[in-house]
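Colleague:
Protein chains: 4
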Amino acid sequence: MRTSTAATAARPRWRERLHEVIFEADTPAGRFFDLALLVAIALSVAAVLLESVAAIREQYGPTLRIVEWALTIGFTVEYVLRLVAVDRPWRYAVSFYGIIDLLAILPTYLALLLPVTQPFMVIRGIRLLRVFRVLKAAQFLREAELLVTALRASRRKITVFLGGILTVALIMGTLMYVVEGEAHGFTSIPRSLYWAIVTMTTVGYGDIAPRTPLGQLLAAALMILGYSIIAVPTGIVSAELMQAARPVSRQACPACGAEGHDVDAAHCKYCGARL
Amino acid sequence: MRTSTAATAARPRWRERLHEVIFEADTPAGRFFDLALLVAIALSVAAVLLESVAAIREQYGPTLRIVEWALTIGFTVEYVLRLVAVDRPWRYAVSFYGIIDLLAILPTYLALLLPVTQPFMVIRGIRLLRVFRVLKAAQFLREAELLVTALRASRRKITVFLGGILTVALIMGTLMYVVEGEAHGFTSIPRSLYWAIVTMTTVGYGDIAPRTPLGQLLAAALMILGYSIIAVPTGIVSAELMQAARPVSRQACPACGAEGHDVDAAHCKYCGARL
Amino acid sequence: MRTSTAATAARPRWRERLHEVIFEADTPAGRFFDLALLVAIALSVAAVLLESVAAIREQYGPTLRIVEWALTIGFTVEYVLRLVAVDRPWRYAVSFYGIIDLLAILPTYLALLLPVTQPFMVIRGIRLLRVFRVLKAAQFLREAELLVTALRASRRKITVFLGGILTVALIMGTLMYVVEGEAHGFTSIPRSLYWAIVTMTTVGYGDIAPRTPLGQLLAAALMILGYSIIAVPTGIVSAELMQAARPVSRQACPACGAEGHDVDAAHCKYCGARL
Amino acid sequence: MRTSTAATAARPRWRERLHEVIFEADTPAGRFFDLALLVAIALSVAAVLLESVAAIREQYGPTLRIVEWALTIGFTVEYVLRLVAVDRPWRYAVSFYGIIDLLAILPTYLALLLPVTQPFMVIRGIRLLRVFRVLKAAQFLREAELLVTALRASRRKITVFLGGILTVALIMGTLMYVVEGEAHGFTSIPRSLYWAIVTMTTVGYGDIAPRTPLGQLLAAALMILGYSIIAVPTGIVSAELMQAARPVSRQACPACGAEGHDVDAAHCKYCGARL
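Listed in order, the protein sequences are those of chains C, X, D and W. Quick note on numbering: the first sequence equals residues 30 to 304 in my numbering. Quick note on numbering: the second sequence equals residues 30 to 304 in my numbering. Quick note on numbering: the third sequence equals residues 30 to 304 in my numbering. Quick note on numbering: the fourth sequence equals residues 30 to 304 in my numbering.
As structure tokens, this is what we get:
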């Protein structure tokens, strides 16, 4: 995400400095900028949360609106500075973090531009999009990449797993719709499917629950299936992480032919010959 | 599932071509056929789901019926073509995918053939069997076989695990029936057994919940047991998948013929001969 | 559980034969006996379950009582034959399976012996003890021993884990009792403790749920803790099973000193020398 | 936690003896002291629990108060003796166990000192702090340290995992607030966030549940995500525990001093010198 300093050679002095502060965390100014940004993100998300509580909205509404506008202007300045600091502004604008940065400021302006005749729901929905600002904090979670890599490696297996779960949920949902019927809350197959997922993932709200003995028998089978099947993705990720954690070189010893050396080995651990 | 091209030598040119399109995914026509089939399956399942929603059924009933019949005729043509394309139609008809293909078209015709005097429930139940068409998509999940293999290898352990769960659920269910009694919703042992499974698998609907202190104590013990015991199948599958991932050389000993050597082995571990 | 045939040398012919049929599964008669026993256990448990359903009890009560008495007499005969067949009857009688066998027949006789003046609850409780007959089937689950061994190896770690869970549940339960108070269903600390276990194990009945914002915050923290902490026993059992699955000999090669040989290896896999 | 006997050389005979009894478990007196302490802790926690049950409080209130005061005086004596027995009382007083020991006695005295005009809630809250005495038992769980070490090693990954969960919960909570609205129980974003955590961790109280089809679709997606994502911490801890279990030789290379060799290594993998 951070361009190498080698690429900044041709920039004027002030743009180089700006880039350093905004995109790099190695200098005191860069570290301070990152910290300020984190605080602003936290404040902004807190403002969205608090504004949604009726009691707080009524009492502190104007204060929250001021905080909201101050943060929006701050994020706007940050967005413009980022565009100025990089060599290819367009490429930044369409990158993952560029879009997140735009999404962080757009809702406040949009809510202003919309005619008053718009239904309140639409305006509120747009304004609440500001909560996506929390994704701006993702840049600080470098370790997340490791986990994402492990998940991506198991992607196909996980897709198959999800396909299997949905197939089972669909079939069980249809059976329950027939068995329990609309009188017991299973009013349609999509709703039965929702029930099947609630049950299979062991969430179990209890808003819909089987009432006939046959329905309870089927439900019990689905629960045990869901309870046992969780072992599959867990096993996949465990095996994947174990595999990733223990890199073994594929190089055989030229002297004795032994294999299974660590990737950092310079000599054969059995005969001492140079690898 | 796909017969080798060697076996198709004696077929007429058109049957060979048909087989290629229907059973193989290597040619553009074959890929298009597979894609069309997937879309048809998705449409068909969506139709079953939508038809079960009362509001949609009332408004779009006739449209859904037309879609339904078009798809049924399409699947019927596909089924006949599959029977024509293979060398041994009967063997295909009784295979897993052959039965699935038949089940995908039968319900629509059956619902038509049944006398109107049949109760509505039976007709609806039969028509909803069409949802099993989703299993036709299983052919596209080749990776599923890997998972199925891992599960099959742990079959006996999983059976024992299920047996253990059911035994615990039965005993706890009976105890709760005695402790809580019929007044608190535990109206019979089968119902208490259902509660025990709901609790042990951590689903927890809350439609039946213990109300006496002793019942809550027993329930808490059952929850902690269920919560801890999930580790067992997870551990089994993890270990199984790790085992499968551990590389074992396919080389047989030239002297004694033994197999299962480590990849780093230079000598047979049973007779000491050089590999 | 099965005494070796060597120990039966001094027994008369018929007792030897009896022992073979009852305790061994290698002969056709032994296999038939085992099968008949399994069927009888299943029938017996089914009878207990069905009798607890009010509607069935009223209609088929006498039939169930006949089945019940036939099975009890059968199990009594089996119990006596087992005592006769073994060389040390007393030792069998106090063994795990001996006690189970006794528990399987005792409740029916006890219920008969109790005076009619006893409250119905006590009699019913004793009669339901018959459900423990299901434990007689445990003998057929030889694989269970493997799992039990793995669990026993992790015993101390699991105890610590349970101690930790109970400590967290106790502290969170007390906090919630103070925060939510008796008005919101948290009527005492034991009840709050029950809620904490329901929540931490992700069962979540919903019969007691926090209603104040602070209570919901604490509850959310407890949920995430419980959700994450499940990883600990799973990891323990996984690691234990992996360890058990891959036995590696501790023997070093006398010629080249290499270690890590499989336990069944007769020759060093690196240099071929005899181990 | 236990100072070495070498450090006690300068102490008078009786202090040495006292230290032995209180801090060490090797002598009969020390073992008896530990056992008495455990019983006192269990009694004390039981008293707090029982006192919170209204029915018991009314009937056995005076008895519980006597038990409470006897235990508080006992713990006070123990606390003073511990301060006397160690060489640096202040260091003990501010250590983890020192603070726990102080917290175990403080609440009872505090409740006495507070003016009667204090609201009852505050007094009750302070008195219930006595439940923290359960942490005094933590000293007996030496194995806990192993688990804590494994958890600490995965600390950063677990933080990232929690950050990811909270981000997903925040975004889904906001979406549900917009989709379901205040009429269906999602009265504010903090409350929706609470719902999202209840759902994602598969607790599923059912006190708040989606009622619109779109809300149920989003909820189903969140459930499946939460159900699958549990695999991540489990995999992390499994891999971490496996890693800890994998034996690494403690031998340093005599030539270059490098460590971390496999147990079967005969030569240093970095410089090739004989180990």
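We put the beta carbon where it would ideally sit given N, CA and C, even for glycine. Bear in mind the structure is a predicted one, so any value in this text is a computation, not a measurement.
Quick check on this structure: which residue in V113(D), I258(D), T196(D), R159(D) has the alpha carbon closest to the alpha carbon of R46(D)?
Modeller: Here residue 46(D) is taken as the residue at index 17 of the third sequence, counted from 1. Comparing Cα positions, the closest option is V113(D).
Colleague: Indicate whether I128(X) and L139(X) have their beta-carbon atoms separated by less than 8 Å.
Modeller: Locating residue 128(X) in the second sequence gives position 99, where the first residue counts as 1. Locating residue 139(X) in the second sequence gives position 110, where the first residue counts as 1. Not in contact: I128(X) and L139(X) (Cβ atoms no closer than 8 Å).
Colleague: From W43(W) to L157(W), what distance separates their C-alpha atoms?
Modeller: Numbered from 1 along the fourth sequence, position 14 holds the residue referred to as residue 43(W). Numbered from 1 along the fourth sequence, position 128 holds the residue referred to as residue 157(W). Approximately 36 Å between the Cα atoms of the pair.
Colleague: Could you tell me which chain W residues have their CB closer than 8 Å to the CB of L191(C), listed as they occur along the chain?
Modeller: On the first sequence, residue 191(C) is found 162 positions in, with the first residue counted as 1. Residues of chain W passing the Cβ test: I253, S257.
Colleague: Less than 7 Å between C-beta atoms, sequence neighbours within five positions excluded: which residues of the same chain meet that for L164(W)?
Modeller: Taking the fourth sequence and counting its residues from 1, the one referred to as residue 164(W) is at position 135. Taken in chain order, the residues that qualify are I129.
Colleague: Apart from the five residues just before and just after I134(X), which ones in its own chain have a Cβ nearer than 7 Å to its Cβ?
Modeller: Here residue 134(X) is taken as the residue at index 105 of the second sequence, counted from 1. Around I134(X): T101, F104, T105, Y108.
Colleague: Could you name the residues of the region 221 to 240 of chain W whose beta carbon sits closer than 9 Å to any beta carbon of chain X, in the order they occur along the chain?
Modeller: The region 221 to 240 of chain W vs chain X, Cβ under 9 Å: T231, V232, G233, Y234, G235.
Colleague: Nearest to V203(C) by CA position, among T203(X), F161(X), A182(X), is which residue?
Modeller: By one-based count along the first sequence, residue 203(C) stands at place 174. Position check: residue 203(C) holds Thr in this sequence, whereas Val was assumed. Nearest C-alpha to T203(C): F161(X).
Colleague: Do T230(C) and M252(W) have their beta-carbon atoms positioned less than 8 Å apart in this structure?
Modeller: Indexing the fourth sequence from 1 puts residue 252(W) at position 223. Indexing the first sequence from 1 puts residue 230(C) at position 201. Taking 8 Å as the Cβ cut-off, M252(W) and T230(C) qualify as a contacting pair.
Colleague: Assign F87(W) to one of two classes, buried (16 or more other C-beta atoms within 10 Å of its C-beta) or exposed (fewer than that).
Modeller: On the fourth sequence, residue 87(W) is found 58 positions in, with the first residue counted as 1. In the sequence as displayed, the identity of residue 87(W) is Glu instead of Phe. So E87(W) counts as exposed.
Colleague: Of the choices I259(D), W224(D), A166(D), L131(D), whose alpha-carbon is the least far from that of E209(D)?
Modeller: What you label residue 209(D) is simply residue 180 of the third sequence in a count that begins at 1. It is W224(D).
Colleague: Would you tell me roughly how many angstroms separate the C-alpha atoms of H296(X) and V197(W), rounded to the nearest one?
Modeller: Within the second sequence, numbered from 1, the residue matching residue 296(X) stands at position 267. Within the fourth sequence, numbered from 1, the residue matching residue 197(W) stands at position 168. Rounded to the nearest angstrom, the two C-alpha atoms are 54 Å apart.
Colleague: Could you tell me how far apart the beta carbons of V82(X) and S217(C) are, in whole angstroms, since I believe they sit closer than 8 Å?
Modeller: Within the second sequence, residue 82(X) is the residue found at index 53, counting from 1. Within the first sequence, residue 217(C) is the residue found at index 188, counting from 1. 4 Å between Cβ atoms; contact.
Colleague: If the cut is a Cβ gap below 7 Å, which residues of chain X does T203(C) touch?
Modeller: As a position in the first sequence, residue 203(C) is number 174, starting the count at 1. Per Cβ cutoff of 7 Å: L157, V160.
Colleague: Using beta carbons (cut-off 8 Å, strictly below), is L267(X) in contact with chain W?
Modeller: Translated into positions along the second sequence, residue 267(X) becomes position 238. Correcting the residue identity first, residue 267(X) is Ser in this sequence and not Leu. Yes, because at least one Cβ of chain W sits closer than 8 Å to the Cβ of S267(X).
Colleague: Could you please give me the residues that DSSP links to H296(X) through a beta bridge?
Modeller: Reading the second sequence from its first residue, position 267 is the one you call residue 296(X). For H296(X), which the question treats as bridged, DSSP gives the partners R303(X).
Colleague: Ignore the nearest five residues each way along the sequence and tell me which others in Y234(D)'s own chain have a CB closer than 6 Å to its CB.
Modeller: Locating residue 234(D) in the third sequence gives position 205, where the first residue counts as 1. Result list for Y234(D): V227, in chain order.
Colleague: Within the same chain, show all residues whose beta-carbon is closer than 8 Å to that of L254(D), passing over the 5 residues directly before and after it, in chain order.
Modeller: Walking along the third sequence from the start, residue 254(D) turns up at place 225. Contacts found: V197, M229.
Colleague: By the three-class DSSP mapping on this structure, what secondary structure does Y234(X) have?
Modeller: Numbered from 1 along the second sequence, position 205 holds the residue referred to as residue 234(X). Coil.
Colleague: With burial defined as no fewer than 16 other Cβ atoms inside 10 Å of the residue's Cβ, what is the status of D236(C): buried or exposed?
Modeller: Translated into positions along the first sequence, residue 236(C) becomes position 207. Under this definition D236(C) is a buried residue.
Colleague: For T92(X), go through chain W and note every residue whose CB falls closer than 9 Å to its CB, in chain order.
Modeller: Residue numbering aside, residue 92(X) sits at position 63 when the second sequence is read from its first letter. Per Cβ cutoff of 9 Å: no residues; T92(X) is ~20 Å from chain W at best.
Colleague: Since T228(C) is in the alpha helix (DSSP H), which residue starts that stretch and which ends it?
Modeller: In the first sequence, residue 228(C) corresponds to position 199, counting from 1. Here the alpha helix (DSSP H) through T228(C) covers 218 to 229.
Colleague: So, does the CB of R44(W) fall closer than 8 Å to a CB anywhere in chain D?
Modeller: On the fourth sequence, residue 44(W) is found 15 positions in, with the first residue counted as 1. Not closer than 8 Å to any Cβ of chain D, the Cβ of R44(W) fails to qualify, so no.
Colleague: In its own chain, which residues sit with a C-beta less than 7 Å from the C-beta of R111(C), not counting the 5 before and 5 after it?
Modeller: Taking the first residue of the first sequence as position 1, residue 111(C) is located at position 82. So the list reads I51, Y121, D130, once near-sequence residues are dropped.
Colleague: Do F190(W) and V261(W) come within 8 Å of each other at the CB atom, strictly closer than that value?
Modeller: Position 232 of the fourth sequence, counted from the start, is the residue given in the question as residue 261(W). Position 161 of the fourth sequence, counted from the start, is the residue given in the question as residue 190(W). Against a cut-off of 8 Å, the Cβ pair of F190(W) and V261(W) comes out as a contact.
Colleague: Whose C-beta lies closer than 6 Å to the C-beta of L79(D) among residues of the same chain, with five residues either side of it excluded?
Modeller: Numbered from its first residue, the third sequence carries residue 79(D) at position 50. Cβ within range, chain order: I85.
Colleague: Say whether chain X places a C-beta atom closer than 8 Å to the C-beta of T196(W).
Modeller: Here the question's residue 196(W) lines up with position 167 in the fourth sequence. Chain X, which has no Cβ nearer than 8 Å to the Cβ of T196(W), makes this no.
Colleague: Please classify P276(C) as buried or exposed, where buried requires at least 16 neighbouring CB atoms within 10 angstroms.
Modeller: On the first sequence, position 247 is the one that residue 276(C) refers to. Reliability of the predicted coordinates at P276(C) is poor, the pLDDT of 48 falling under 50, and no value is obtained from them.
Colleague: Closer than 8 Å, CB to CB, is I218(D) near chain A or not?
Modeller: Annotation note: the requested chain A is absent from the structure, which comprises protein chains C, X, D and W.
Colleague: Which same chain residues, not among the five before or five after V123(X), have their C-beta less than 7 Å away from its C-beta?
Modeller: Taking the first residue of the second sequence as 1, we reach residue 123(X) at position 94. Correct list: empty, nothing qualifies.
Colleague: So what's F62(C) in DSSP terms, helix, strand or just coil?
Modeller: To locate residue 62(C), count along the first sequence from 1; it is residue 33. Correct three-state label for F62(C): helix.
Colleague: Answer yes or no: does any C-beta atom of chain C fall closer than 8 Å to that of L199(W)?
Modeller: As a first step, residue 199(W) is located in the fourth sequence; it is residue number 170 there, counting from the start. Chain C, which has a Cβ nearer than 8 Å to the Cβ of L199(W), makes this yes.
Colleague: Identify which residue in L243(W), H213(W), I200(W) has its Cα closest to the Cα of R220(C).
Modeller: For this step, residue 220(C) is matched to residue 191 along the first sequence. Checked all of L243(W), H213(W), I200(W); the closest Cα to R220(C) is L243(W).
Colleague: Threshold first: 4 residues or longer. Then list the alpha helix (DSSP H) segments lying entirely within the region 94 to 156 of chain C, N to C.
Modeller: You should have 118 to 122, 125 to 142.
Colleague: Could you please tell me which residues of the region 50 to 75 of chain C, in chain order, have their CB closer than 7 Å to any CB of chain D?
Modeller: Residues passing the 7 Å Cβ filter: none.
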